[in-house]
Structures are given as structure tokens and as C-alpha cells.
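Comments concern the structure below.
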Amino acid sequence: MDHGSDDSTSTAKSCPMIMVFHAGHCERILWRGWVASTVTEFVLSALAIFLVSFLYEALKFLRQQLARREARRASEQLAAEQRRKNEAPAAGGCCSEAPLAEPREQTYWQRLFASSHIVQSLLNLLQIVISYLLMLIFMTFNYWLCLAVILGLGLGYFFFGWNKKNPDESECCP
30 MDHGSDDSTS
40 TAKSCPMIMV
50 FHAGHCERIL
60 WRGWVASTVT
70 EFVLSALAIF
80 LVSFLYEALK
90 FLRQQLARRE
100 ARRASEQLAA
110 EQRRKNEAPA
120 AGGCCSEAPL
130 AEPREQTYWQ
140 RLFASSHIVQ
150 SLLNLLQIVI
160 SYLLMLIFMT
170 FNYWLCLAVI
180 LGLGLGYFFF
190 GWNKKNPDES
200 ECCP
């Protein structure tokens with residue numbers, strides 16, 4: 030069943046939408062302009078999908094690294110503040126020196142609009158968009174495109190997943 034045949038500006042590049050698993054090379058991928066009607070276009074599309082899947086895993090790795098770096102920086106700041114608090118004042122000058130200012134905890138709004146949180150939020154948004162696009166590609170039900178998604182995610186995990194802090198973490202959620 031070709032759902033796009035009612036378009037009067039339809040070009041010669043038209044592939045049927047098959048709603049069962051199949052192994053054809055003529056495929057409409059994600060949007061109307063991405064049609065792989067030749068074997069070469071199909072192979073290049075599968076390679077692009079493989080690369081996007083691989084980069085999806087790299088993006089997950091990048092988000093984890095940024096979160097760890099931010100947590101490490103926050104704990105180092107806290108440790109430095111604790112050391113500064115616990116240092117004994119110099120002999121003979123304890124009463125003449127002004128006390129150190131207490132570090133003030135950030136408010137909700139300061140944490141919300143912190144640059145690290147904004148970057149993490151934008152990367153999370155990108156990760157969600159890519160994950161849904163990969164799901165839609167999988168839903169073309171083409172064996173080869175499904176394999177490109179699976180192999181890209183698998184190889185990406187092989188290269189980037191070794192760095193998981195907790196191996197029991199779920200892979201289904203960002």
C-alpha cells in the first residue's frame with residue numbers, strides 16, 4: 030500500500046510502505062525526501078543509520094562524563110570549603126581577623142539555570158530526539174535497516190559502555 034501516491038508532486042522515486050519485516054532495498058526513511066530507491070542509496074542510508082546509532086551511544090557517554098565531572102567539581106569545592114572552615118587561625122591574630130564568609134548553597138533557580146544543567150538538558154533533548162528517530166527507522170521493518178540500528182548501538186556500547194560506573198544501571202532510560 031503506497032500512502033504517498035495521492036501527492037500530485039510525487040516523483041519517480043516512490044517505494045511502497047511495507048508493514049511487515051522484509052528485506053527490500055527500496056525504502057522511505059523517516060521523511061518524504063529520504064527515499065532509498067537504488068541499492069547504492071540504500072547501502073549509504075544503512076551506513077548513515079549505523080553511524081547515527083553509534084553516535085547515540087557516544088552521546089550517552091558524553092552526558093555521563095559531563096555529569097561525573099560536574100559531581101567531582103562540586104565535591105572538590107565542598108572539600109575545599111570544609112578545609113578552609115577547619116583551618117586554625119594564625120597564632121596571636123584570632124580575634125583581630127574577620128571570620129570567613131560561610132559558603133551559601135545555591136538556590137533552586139541558580140541550579141536550574143546553571144550552564145552545566147542547561148548543557149545537560151540540551152544533550153538530553155538531543156538524545157531523546159535521536160532515540161525516537163532510531164525507533165522510527167526500526168519501524169520501517171526492513172531487516173537491513175534494523176540491523177544497522179542494532180549493530181551501531183552494539184558497537185557504540187562496545188566502545189563507550191565500558192565506562193559505566195554501575196553495571197546494573199538500566200539501558201532503557203536516558
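Heads up: the sequence shown begins at 30 in our numbering, then just goes up one per residue.
C-beta atoms are modelled at their ideal positions from N, C-alpha and C, and glycine is treated no differently.
- A Cβ-Cβ contact shorter than 7 Å links V178 with I166.
- In the structure shown, A65 adopts extended strand secondary structure according to DSSP, grouped into three states.
- A Cβ-Cβ contact shorter than 7 Å links E86 with Y186.
- Within the same chain, L59 and V81 come within 8 Å of L162 by CB-CB distance, once the 5 residues on both sides are set aside.
- Going by DSSP, H51 is part of no alpha helix (DSSP H) at all; its letter is neither H nor E.
- Straight-line spacing of the CA atoms in G183 and S104 works out to 33 Å.
- Counting only residues of its own chain and dropping the five nearest sequence neighbours on each side, C175 has a CB closer than 7 Å to the CB of F167.
- The Cβ atoms of E70 and N171 do not sit closer than 7 Å to each other.
- If you draw a straight line from the Cα of L180 to the Cα of H146, it is about 31 Å long.
- Taking C-beta separations shorter than 7 Å and ignoring five residues to either side along the sequence, Q106 has no partners in its chain.
- Taking 7 Å as the cut-off, the beta carbon of C44 is found no closer than this to the beta carbon of V72.
- Checking the DSSP bridge columns, you'll see N171 partnered with H51.
- In the DSSP assignment, L59 falls outside any alpha helix (DSSP H) and carries neither an H nor an E.
- In the structure shown, S104 falls within a helical segment according to DSSP collapsed to helix, strand and coil.
- Taking N192 as the centre and dropping the five residues before and after it, the same chain places the C-beta of F90, Q93 and Q94 closer than 8 Å to its C-beta, in chain order.
- With distances taken between CA atoms, E134 lies nearest to E110 out of E110, L151 and A77.
- Residue state for F142 is assigned as coil, using DSSP reduced to three classes.
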